[in-house]
Amino acid sequence: QAGWPGVIEAYRDRVAVPEGARTVTLQEGGTPLVPAPHLSERTGSTVYLKVEGANPTGSFKDRGMTVAMTQALAEGSKAVICASTGNTSASASAYATRAGLTSAVLVPQGKIAMGKLAQAVAHGARILQVQGNFDDCLELARKTSAEHPVTLVNSVNAARIEGQKTASFEVCDVLGRAPDVHCLPVGNAGNITAYWKGYTEYARDGVVDGTPRMFGFQAAGAAPLVHGQPVTEPDTVATAIRVGSPASWQGAVAAKDASNGLFGAMTDEEILAAYRLLSSREGVFVEPASASSVAGLLARADSGEVPAGSLVVCTVTGHGLKDPDTALAGMIEVEPLPVDPRAVATALELG
Ligand code: F0G
Numbered sequence: 010q011a012g013w014p015g016v017i018e019a020y021r022d023r024v025a026v027p028e029g030a031r032t033v034t035l036q037e038g039g040t041p042l043v044p045a046p047h048l049s050e051r052t053g054s055t056v057y058l059k060v061e062g063a064n065p066t067g068s069f070k071d072r073g074m075t076v077a078m079t080q081a082l083a084e085g086s087k088a089v090i091c092a093s094t095g096n097t098s099a100s101a102s103a104y105a106t107r108a109g110l111t112s113a114v115l116v117p118q119g120k121i122a123m124g125k126l127a128q129a130v131a132h133g134a135r136i137l138q139v140q141g142n143f144d145d146c147l148e149l150a151r152k153t154s155a156e157h158p159v160t161l162v163n164s165v166n167a168a169r170i171e172g173q174k175t176a177s178f179e180v181c182d183v184l185g186r187a188p189d190v191h192c193l194p195v196g197n198a199g200n201i202t203a204y205w206k207g208y209t210e211y212a213r214d215g216v217v218d219g220t221p222r223m224f225g226f227q228a229a230g231a232a233p234l235v236h237g238q239p240v241t242e243p244d245t246v247a248t249a250i251r252v253g254s255p256a257s258w259q260g261a262v263a264a265k266d267a268s269n270g271l272f273g274a275m276t277d278e279e280i281l282a283a284y285r286l287l288s289s290r291e292g293v294f295v296e297p298a299s300a301s302s303v304a305g306l307l308a309r310a311d312s313g314e315v316p317a318g319s320l321v322v323c324t325v326t327g328h329g330l331k332d333p334d335t336a337l338a339g340m341i342e343v344e345p346l347p348v349d350p351r352a353v354a355t356a357l358e359l360g
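Residue 10 is where the sequence shown starts when you use the UniProt record's numbering, and the numbers rise one by one after that.
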């Protein structure tokens, strides 16, 4: 096979999969680490974006799903199930198709971005819209998989964390060292747990000298880790991280504490401002939840918690095309033009 082989093959010696298993992959990972000149100037640090929207289904979930699906197939599973705010369902349905398994996805009614739903439809998942939030969906998915022969592929499945930790390896491989600070959006908290696992493994084995401080940012309306207790009715424009009771709570707290990191809560306004800054100043189109890492960095740099000259990586977790409604909200209707070059010149104020 040509080019980048996907994260299981790329990190064969570091990602555990069952002996002799057929690898289920869409050649995920190997995503760009893009310099962010505008953010660097604003913060006085050297800032990079780990652009996870470049994965096959447009989010970081694919790193975990290749491992979870490889394992499910090796164990003889015929069907998988997950709860999702959208990206996990998109990834699970694509990888299940690749593996020849059937997939069922439980999503909160009316609270999943259009592009993600389109993906689950396209890949032929059984889509169940639930009259509840993500936390309700996860409880239902857990119960269903406990009582029926269906494999749960949410990040409570350790295989997911195994795969997602490869993003830290890639960051270190490209930079030749660990960053000083790593900023992440946090929802169900699997990803911050996975990044920390990756960083600590590289440091333990002497591949790099140290580990970054882990900064995890939630939406203000869905910030259980910041408050130290679950949120019963989470709400935010960043639907991907609309989670009130993160499954990997302990993993997130361990990452923060052991790394001398922090959790922060960002308002929807701050998240949307960072979302627009990324697309209009850096040329990187992400979905709203992804921008919480950047919103958090800007706030913490302003308050002096990121020393000037730091090497900072912000993961932007999902592609902007996932959520066209948010991108187009507030766009002004414009009059259509006649097919006439003068009309174009006039409209563009070119005289
Ligand atoms: N960013 C995006 C775009 C996400 O879709 C998610 C999680 C996160 C960040 C947070 O990651 O849950 O590991 O802390 N999305 C899940 C889903 C909940 O169902 O797709 P986390």
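Cβ atoms here follow ideal geometry from the backbone N, Cα and C, with glycine treated the same way.
Item                                                                                                          : Value
Whole-angstrom C-beta distance between Ser100 and Met123, which should lie under 8 Å                          : With a Cβ gap of about 16 Å, Met123 and Ser100 do not count as contacting.
Any 3 or more C-beta pairs closer than 8 Å across the region 108-122 and the region 350-358                   : no
When Ala45, Leu320, Pro345, Leu35 are compared against Gly185, the one with the closest alpha-carbon          : Leu320
Member of Ala300, Ala267, Phe294 whose CA lies at the smallest distance from the CA of Glu279                 : Ala300
Span of the beta strand (DSSP E) around Leu147                                                                : Here Leu147 belongs to no beta strand (DSSP E); instead the alpha helix (DSSP H) covers 143-156.
Straight-line gap, Ala298 to Gly253 (C-alpha atoms, nearest Å)                                                : 15 Å
Any non-hydrogen atom of the ligand F0G closer than 7 Å to Ser93 Cβ                                           : yes
Pairwise C-alpha distance: Leu359 and Ala92                                                                   : 52 Å
Beta strand (DSSP E) segments (min. 3 residues) lying fully within the region 181-212                         : 190-194
Residue nearest to residue 3 in terms of C-alpha spacing, selected from Cys323, Ala310, Leu271, Val33         : The structure shown has nothing for residue 3, since the chain only spans 10 to 360.
For Thr75, three-class secondary structure by DSSP                                                            : helix
Met78 classed as buried or exposed, judged by whether at least 16 other C-beta atoms fall within 10 angstroms : buried
Asp311, buried or exposed, once every other Cβ within 10 Å from all chains shown has been counted against 16  : exposed
Whole runs of the alpha helix (DSSP H) within the region 30-54, excluding any shorter than 4 residues         : 46-52
Inter-stretch contact (C-beta, 8 Å, three-pair minimum) for the region 286-298 and the region 324-333         : yes
Residues sharing a beta bridge with Met223, DSSP                                                              : His191
Under 8 Å between C-beta atoms of Leu82 and Ala150                                                            : no
C-beta atoms of Ser164 and Ala256 nearer than 8 Å                                                             : yes
Cα-Cα separation, Pro46 to Leu306                                                                             : 14 Å
Those runs of the beta strand (DSSP E) which lie wholly inside the region 91-124 and span at least 3 residues : 111-117
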